[in-house]
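K.L.:
2 protein chains.
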Amino acid sequence: MKMSGGVEWAIHCCVLLSQADGPVPAPRLAEFHGISRTYLAKHLQHLSRDGLVSSTEGRVGGYVLTRPAEQITVLDVVLAIEGREPAFRCTEIRQNGPLPASPAACKRACGVARAMHAAEQAWRESLRGVTIADLAAGVLVDAGPDTFVRLREWLSAS
Amino acid sequence: MKMSGGVEWAIHCCVLLSQADGPVPAPRLAEFHGISRTYLAKHLQHLSRDGLVSSTEGRVGGYVLTRPAEQITVLDVVLAIEGREPAFRCTEIRQNGPLPASPAACKRACGVARAMHAAEQAWRESLRGVTIADLAAGVLVDAGPDTFVRLREWLSAS
DNA sequence: GTCCGTTTACTCGGATATGCGTTGTCCGAGTTGCGCTGG
DNA sequence: CCAGCGCAACTCGGACAACGCATATCCGAGTAAACGGAC
Chain A
1 MKMSGGVEWA IHCCVLLSQA DGPVPAPRLA EFHGISRTYL AKHLQHLSRD GLVSSTEGRV
61 GGYVLTRPAE QITVLDVVLA IEGREPAFRC TEIRQNGPLP ASPAACKRAC GVARAMHAAE
121 QAWRESLRGV TIADLAAGVL VDAGPDTFVR LREWLSAS
Chain B
1 MKMSGGVEWA IHCCVLLSQA DGPVPAPRLA EFHGISRTYL AKHLQHLSRD GLVSSTEGRV
61 GGYVLTRPAE QITVLDVVLA IEGREPAFRC TEIRQNGPLP ASPAACKRAC GVARAMHAAE
121 QAWRESLRGV TIADLAAGVL VDAGPDTFVR LREWLSAS
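First to last, the sequence lines map onto chains A and B. Each step along the first sequence adds one to the number in the working numbering, with nothing skipped, and position 103 is 103. Each step along the second sequence adds one to the number in the working numbering, with nothing skipped, and position 130 is 130.
1. From CYS106 of chain B to GLU57 of chain A, what distance separates their C-alpha atoms?
2. Going by DSSP, what residues sit across from SER156 of chain B in a beta bridge?
3. Cβ atoms of VAL53 of chain A and TYR39 of chain A: under 8 Å apart, would you say?
4. If you draw a straight line from the C-alpha of ASP134 of chain B to the C-alpha of LEU65 of chain B, how long is it?
5. Taking only beta carbons into account, state which residues of the segment 72 to 103 of chain A come closer than 9 Å to chain B, listed in chain order.
6. With a threshold of 8 Å, are at least 3 pairs of Cβ atoms found where one atom belongs to the segment 118 to 133 of chain B and the other to the segment 72 to 81 of chain B?
7. According to the Cβ coordinates, are ALA20 of chain B and LEU47 of chain B closer than 8 Å?
8. Between the Cα of ALA157 of chain B and the Cα atoms of B:PHE32, B:GLY6, B:ALA137 and B:ARG37, which residue gives the shortest distance?
9. Taking VAL53 of chain A as part of the beta strand (DSSP E), name the residues at either end of that continuous run.
10. DSSP three-state call for THR91 of chain A: helix, strand or coil?
11. What is the DSSP secondary structure of LEU99 of chain A, counted as helix, strand or coil?
12. Within the same chain, show all residues whose beta-carbon is closer than 7 Å to that of PRO27 of chain B, passing over the 5 residues directly before and after it, in chain order.
13. Within the same chain, show all residues whose beta-carbon is closer than 7 Å to that of ALA30 of chain A, passing over the 5 residues directly before and after it, in chain order.
14. With DSSP as the reference, identify every bridge partner of LEU65 of chain B, one or two as the case may be.
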């Protein structure tokens with residue numbers, strides 16, 4: 001069970017976008033994080049499809065958050081990148097074999113699937129409790145109060 | 001983020017083993033669930049490596065749970081199959097690019113990694129709260145009280 | 001009848017191919033700012 | 001000096017290969033029961 005590495009990229013990009021004044025193009029985002037330009041663009045497309053970011057074309061185009069950072073949760077980003085399919089998918093093997101479960105018993109989901117579903121729900125709830133704004137505030141605490149000032153300077157300089 | 005399908009198989013096998021009287025060989029387990037013999041054997045090897053099941057060779061060999069079903073959690077099985085590596089692994093991209101985070105700021109884990117880690121911890125705690133015995137009890141409720149009786153009959157018959 | 005050796009069938013374990021998904025890259029369509037030209 | 005037009009550069013979006021891992025399989029090593037024969 002491995003999460004896509006693009007999730008980390010997307011979250012960091014959202015934190016950056018929350019502190020930018022205007023649109024930020026994908027190559028700029030990639031350069032700032034030292035990652036692949038083209039591959040990051042692919043992930044940003046997923047964010048755009050889910051309506052988390054808005055893309056503007058043209059000479060001074062780029063990506064902008066569609067909502068305030070306080071209203072974007074980490075779960076939103078994860079679902080946009082990884083998709084909404086649950087990690088565990090029940091194949092109903094209890095209906096196979098010489099002693100298959102009766103159709104009446106299968107009206108309720110099997111216990112294994114219920115346990116997995118509950119765990120995934122807990123995971124989602126935890127991620128839903130953290131917003132991009134929270135992460136941005138954490139960066140300020142860890143890296144110093146002038147971090148985003150220098151970020152904006154770099155954005156306007158290049 | 002997709003979980004291995006072998007996890008479902010392994011959990012169902014553990015539930016079955018918790019109700020068996022003696023060792024159950026892998027081909028029997030596979031036949032009962034209508035799944036691949038050889039591939040299931042591979043997953044059972046993982047359970048054996050982690051000490052969840054004990055294997056006995058020879059003519060009447062097979063797999064037996066090493067602990068009572070009340071002391072085996074779903075998390076144990078998931079970790080045995082999927083491995084103990086966390087789904088999210090931080091690549092520390094905050095240290096890249098033109099404005100890298102200072103080494104002092106990196107003494108603490110980055111906020112993204114902390115959020116992911118907390119979510120995964122919640123997921124683990126949820127899975128840790130369900131035991132193989134709980135699942136077996138759920139099967140009794142869903143499929144009827146005589147389910148395991150018929151299971152034992154089938155095991156001794158074939 | 002009992003004990004022992006051999007056979008035999010059955011088990012697990014690791015080493016070995018294959019298909020699909022994530023990773024990574026590229027090029028084309030579209031849009032906007034900028035510069036030039038004409039009035 | 002100002003307005004209109006063409007250009008060019010920059011942007012995003014989807015289509016195109018390559019690697020890695022999960023999937024699926026096979027065969028060999030080992031073991032314990034069962035059988036046959038000798039005592």
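Where is the CB? At the ideal position from N, CA and C, for every residue including glycine.
P.N.:
Result, derived from the coordinates:
1. Their Cα atoms are separated by approximately 36 Å.
2. When DSSP reads this structure, SER156 of chain B sits in no beta bridge, so it has no partner.
3. Taking 8 Å as the Cβ cut-off, TYR39 of chain A and VAL53 of chain A do not qualify as a contacting pair.
4. In a straight line, the C-alpha of ASP134 of chain B is about 15 Å away from that of LEU65 of chain B.
5. Contact residues of the segment 72 to 103 of chain A toward chain B are VAL74, LEU75, VAL78, GLU82, GLY83, GLU85, PRO86, ALA87, PHE88, ARG89, CYS90, THR91, ILE93, ARG94, GLN95, ASN96, GLY97, PRO98, LEU99, PRO100, ALA101 and SER102 (C-beta to C-beta distance below 9 Å).
6. Taking a contact to require three or more Cβ pairs closer than 8 Å, the segment 118 to 133 of chain B and the segment 72 to 81 of chain B qualify as touching.
7. Cβ atoms of ALA20 of chain B and LEU47 of chain B: not closer than 8 Å.
8. Ranked by Cα distance from ALA157 of chain B, the options B:PHE32, B:GLY6, B:ALA137 and B:ARG37 are led by B:PHE32.
9. It spans 53 to 56 - the beta strand (DSSP E) in which VAL53 of chain A sits, taken as one unbroken run.
10. Here THR91 of chain A carries a coil assignment [DSSP, helix/strand/coil].
11. Three-state DSSP puts LEU99 of chain A in coil, outside helix and strand.
12. Short of 7 Å from the beta carbon of PRO27 of chain B, and not among the five residues preceding or following it, lie these beta carbons of its own chain, in chain order: ARG37.
13. Correct list, in chain order: SER36, ARG37 and LEU40.
14. Answer is B:VAL53.
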